[in-house]
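First up is the structure itself, then whatever we jot down about it.
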Amino acid sequence: MSLTKPNQELRRDLKAAAAILDDAAQDLFRQAKTYAEPEFLAAMEKIGRLQECVDKLDGYAEEVKNGAVRRDKPE
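First residue of the sequence shown? That's 19 in my numbering, and the numbers climb one at a time after it.
Set out below in structure tokens:
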């Protein structure tokens with residue numbers, strides 16, 4: 019089953035948002051490697067939360083692909 023145009027756009031938007039958050043997490047990690055331990059640990063907690071969001075968005079995109087979530091055209 020192919021996706022409708024609105025669902026293709028929704029999936030693409032979810033994947034793009036996940037990629038942006040993943041890039042931000044990677045940038046933060048590169049920067050955090052230079053921090054002292056307490057700051058590093060705080061940054062790692064933030065990175066973990068960012069990765070959780072990435073995983074959720076990727077999961078939602080997969081649900082759109084599988085037809086479990088869909089976007090209907092506004093009337």
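In this text, a Cβ means the ideal position worked out from N, Cα and C, and glycines have one as well.
Quick check: residue i and residue j, are their CB atoms within less than 9 Å of each other?
i, j, result
"residue 32", "residue 68", "no"
"residue 62", "residue 50", "yes"
"residue 82", "residue 28", "yes"
Considering just the uninterrupted stretch of the alpha helix (DSSP H) at residue i, what are its terminal residues?
i, result
"residue 32", "23-50"
"residue 78", "55-84"
Exercise for the section: Answer yes if the segment 50-62 comes into contact with the segment 24-38, meaning at least three C-beta pairs across the two stretches below 8 Å, and no otherwise. Expected result: Here the segment 24-38 does not lie against the segment 50-62, with fewer than 3 beta-carbon pairs under 8 Å apart.
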